[in-house]
Amino acid sequence: MEPNRLTIHELQERLRDGSLTSAEVTESVYRRIASLEERVHAYITLTEEAATQQACAADKLIRAGTGGPLTGIPIAIKDVLCTQGVRTTCGSRILEDFVPPYDATVVRKLKDAGAVFVGKTNMDEFAMGSSTETSRFGITKNPWDLERIPGGSSGGSAAAVAADECMASLGTDTGGSIRQPAALCGVVGLKPTYGRVSRFGMVAFASSLDQIGPITKDVEDCAIMMNAISGHDTSDATSVPTKVPDYRACLSRDIEGWTVGIPKEYFVEGVDPEIRASIDTAIKTLEGLGARCLDVSLPHTEYCIATYYIIAPSEASSNLARFDGVRYGFRAPDGESLLDMYKKTRSSGFGAEVKRRIMIGTYSLSSGYYDAYYKKASQVRALIRDDFDRAFTKCDVVLTPTTPTPAFRIGEKMDDPLQMYLYDIFTLSTNLAGVPGISVPCGYTKGGLPIGVQFMAGQFQEEKLLQVPSAYEKNSALEKRKPDL
Amino acid sequence: MKITTQEVGYVAHLARLELSEDEKGTLTSQLNNILMYMDILNGVDTEGTEPMTHAISLGNVFREDAEKKSIGVEMALANAPEGEMGFFGVPKIIE
């Protein structure tokens, strides 16, 4: 088997026993990229030269026996995370040539752990989108069907893992942007509890919702990545100083007697019958492992989309005020006054979806509309959080579909922004409530498209969130497939 | 109508965006569509509900007021579209 097809934990063993070197693995990853990228387009920027050096340095550490868990492992980074000396575009014209002077904390942590950096992955512009179609740098294709979207906004990160163009990647998730593309690309994606992972060096979209998390080939790899990136950071005042457990240690425990909540509000009309059938099979598998599945209610679910699409654009309109053509990024050349320069720069620097969200947000926050929109949404947000608090007094984890339908066709929803927003229906709630969520593959449609099951847990309950899908993954009858590329 | 084309123009100004007439037209219809959907929230009783602005409850976070190394002028200006003599360059502000 080509080394690029291995998981992190499989690769760790081979690197340790000397049957593979990081240089060989890294080479196989770039061979794969060379043969595929034209069709998949998962990356915006590749960093092969630096990666080759990192791989050689990693091999020395491994030979000396001083390597860490990620030493020599090729990893891809979503292009919203700052990488010192490597351009970070956010999929936008306005940051087309931005080269950060520092690393995001998660990038530094992976560097310290010895990872090899393959490149920066494609994404919806400023992470605003559900399909990676709003990127300034072209559309990423779903490796399972090149005429379909990979999901978004971390579509490049998910496609790169699914197509074995890296071992694992980092994504960011403001309303489902890790879990949704992971589901559509048949890989694992975890959004941590708000505050579990430092956001320092992530270009902010909606600061009260954003979290960075891993996209991996299986649950064990996800735990390995969480071990590497979690923890308090003095550079992010909202990161939380609670102790980080060893997420890998919880994976082998059984889940007998555990309770899995099934919220009826997530099993409504509009959910694809094949997805429903796969979720039912997953529920039966968990019951077979001794878990007890019970009905729970999250009564404010139907308000999540409206709440989210007020709060997220409001925060975005404020966060994106910094792009003014003065300190970094693109500047329109023909601005006659400062105000004119701001307007021309922002109008030609941002794409249509980003402008739309800035407009929604500015409107929601503007005098006369603040109470009706932003304040109202923030109150409903509290009720959505209360729903989860109540649900988690009755169950250990909640189980839902990750998406209502499998990956849709490229272009299908681009003319109707509201239809695109509605696609996020099952993933927004965890960001609003600040709780963690994970998507794990649970089946395929007859047409061969991947289906994901989502688990959610209480705040800082990532151990539970990994333990249940790990038990599921080990015991499910689901065959391991790779896209035929 | 939730928002008129004129209001779209005003909000665009607040957001420091310059929109073509075409863009204004499209955005007016799209924003109306989206804002109409938001009306669903009016059906929720939020009387007495404290707005939630943070995902987790944190008190104020203090840090030592100590001098730290920064990235320096050269690096800070490295990404600036215009800059010289240690300053960011902008179009003329004072007539």
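Quick mapping for you: the protein sequence lines, in order, are chains A and B.
Just so you know, we're using numbering that gives the first Met the number 0 here: the first sequence kicks off at 0 and counts up by one.
Just so you know, we're using numbering that gives the first Met the number 0 here: the second sequence kicks off at 0 and counts up by one.
Beta carbons: idealized from backbone N, C-alpha and C, even for Gly.
Check, Outcome
"C-alpha gap between Ser-365(A) and Lys-375(A), whole angstroms", "14 angstroms"
"Assigned secondary structure, Asn-141(A) (DSSP; H/G/I helix, E/B strand, else coil)", "strand"
"Helix, strand or coil at Arg-291(A) [DSSP, three-state]", "strand"
"Neighbouring residues, chain A, relative to Gln-29(B) (Cβ below 7 angstroms)", "Arg-355, Pro-416"
"Simplified DSSP assignment, three categories, for Met-127(A)", "coil"
"Below-9 angstroms beta-carbon distance, Thr-45(B) vs any chain A residue", "yes"
"Same chain only: Cβ atoms within 6 angstroms of His-40(A), ignoring 5 sequence neighbours per side", "Gly-137, Thr-139"
"Supposed contact pair Gly-113(A) and Leu-60(A) - C-beta distance, whole angstroms, cut 8 angstroms", "6 angstroms"
"Contact belief for Leu-80(A) with Val-106(A) at Cβ below 8 angstroms, rounded distance in angstroms", "6 angstroms"
"Where Gly-82(B) falls: helix, strand or coil (DSSP)", "strand"
"Span of the alpha helix (DSSP H) around Val-397(A)", "Note, Val-397(A): premise wrong, no alpha helix (DSSP H); beta strand (DSSP E) at 396-400."
"9 angstroms Cβ cutoff, Val-60(B) in contact with chain A", "yes"
"Partners in chain B for Tyr-302(A), counting only beta-carbon separations shorter than 7 angstroms", "Ile-39, Leu-40, Val-43"
"Classification of Pro-80(B) by the beta-carbon crowding that lies within 10 angstroms, buried from 16 upward", "buried"
"Cβ-Cβ distance between Ala-126(A) and Ser-153(A) below 9 angstroms", "yes"
"Given Tyr-327(A) as reference, the closest of Asn-78(B), Gly-88(B), Met-84(B) once Cα atoms are compared", "Asn-78(B)"
"Partner residues on chain A for Phe-87(B), Cβ-Cβ distance less than 9 angstroms", "Val-325, Arg-326"
"Pro-191(A) vs Gly-151(A) beta-carbon contact at 9 angstroms", "no"
"Three-way DSSP call (helix, strand, coil) for Gln-83(A) in this model", "coil"
"Neighbourhood of Val-72(B) by C-beta, 6 angstroms cutoff - its chain only, sequence neighbours within 5 removed", "Gly-85"
"is_contact[Gly-334(A), chain B] using C-beta, thresh 9 angstroms", "yes"
"Cα-Cα separation, Gln-52(A) to Lys-242(A)", "34 angstroms"
"Spatially closest choice to Leu-427(A) from Ile-261(A), Asp-414(A), Gly-175(A), Pro-405(A), by CA coordinates", "Gly-175(A)"
"Classification of Asp-279(A) by the beta-carbon crowding that lies within 10 angstroms, buried from 16 upward", "exposed"
"Cβ pair Pro-400(A), Arg-275(A) closer than 9 angstroms", "yes"
"Beta-carbon neighbours of Gln-83(A), restricted to chain B and to distances below 9 angstroms", "Neighbours of Gln-83(A) on chain B: none; closest Cβ ~10 angstroms, over 9 angstroms."
"Contacts of Thr-6(A) in chain B (Cβ-Cβ under 9 angstroms)", "None at all; the shortest Cβ gap to chain B is about 31 angstroms."
"Completely contained beta strand (DSSP E) runs for the stretch 287-339 of chain A, where each covers 3 or more residues", "291-295"
"Cut-off 6 angstroms between Cβ atoms - residues of its own chain near Tyr-302(A), not counting five sequence neighbours on either side", "Val-379"
"Within chain A, partners of Met-74(B) - CB distance below 8 angstroms", "Pro-100"
"Classification of Arg-178(A) by the beta-carbon crowding that lies within 10 angstroms, buried from 16 upward", "buried"
"Whole-Å CB distance - Ile-72(A) paired with Val-28(A), under 8 angstroms assumed", "The Cβ separation is near 10 angstroms, so there is no contact."
"Cβ contact check for the stretch 23-40 of chain B and the stretch 386-394 of chain A: 3 or more pairs under 8 angstroms", "no"
"Same chain, Cβ closer than 8 angstroms to Asp-220(A), five either side skipped, listed in chain order", "Thr-6, Ile-7, His-8, Met-166, Ala-167, Val-187, Pro-213"
"Beta carbon of Ala-158(A) nearer than 9 angstroms to that of Ala-311(A)", "no"
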